Amino acid sequence: MKKGWLSIVIGAAACLICRLAFAEISPPVHTELSLFEEIPMVVTPAKKLQPITKAPASVSVVTQEDIKESGSINLWDALRQVPGLDVDTTTIGQADVSMRGFADVMTSKTLLMIDGRSMYSPMQGILFWELLTVQPEEIDRIEVVKGPVASLYGANANLGLINVISKSHE
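Per our numbering, the sequence shown starts with residue -12, numbered consecutively.
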């Protein structure tokens, strides 16, 4: 009978120690302040305006405040803070933005859209980042969808989609 009680006490103490140890390591998921945060609205993953929590694909949003805080001087500098995007400057003024490990200047499998219009040159089939006319001050937000969305946006969106939404479009 004493062995049974002793094992229960030792088990309860071990559980208490584990709970205290993990409570210090992992922060709570929801805090009181997170209840008052605004849920971003996105339009790119499903071609309709919806909360980011209801989006059918993984989407990252770079807001106007993020762009100001980063000190970006062009569009590809603003994209450097998006996880999963590789942004390289090949020469002075020329950029290469790739997604999911496909880093090649001639790769046209990541679609770039500004206000819903594709920015690829139809003659060459590539994108000239240095010729884009949008400035960081004009951008309201950038939505980046990682993963194939070619069924919605066409052949150039096999790896993902970068949608730049300007302030004048809103």
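Ideal placement from N, C-alpha and C gives every residue a C-beta, glycine not left out. For clarity, every value in this text was computed on a predicted model and none was experimentally measured.
How far does the beta strand (DSSP E) with Ala82 in it extend, from its first residue to its last?
Where Ala82 is concerned, the enclosing beta strand (DSSP E) stretches over Gln81 to Met86.
In this structure, does DSSP put Pro135 in helix, strand or coil?
Coil.
Under the assumption that Val136 contacts Ala144 (Cβ atoms under 8 Å), give the Cβ distance between them as a whole number of angstroms.
A Cβ-Cβ separation of about 5 Å places Val136 in contact with Ala144 under the 8 Å criterion.
In the structure shown, what three-state DSSP assignment does Glu11 receive?
Here Glu11 scores only 48 on pLDDT, less than 50, and its place in the model is too uncertain to base an answer on.
Three-state secondary structure (DSSP) at Leu98?
Residue state, collapsed to three classes: strand.
Mapping the DSSP letters down to three states, classify Ser57 as helix, strand or coil.
DSSP places Ser57 in helix when its eight states are reduced to three.
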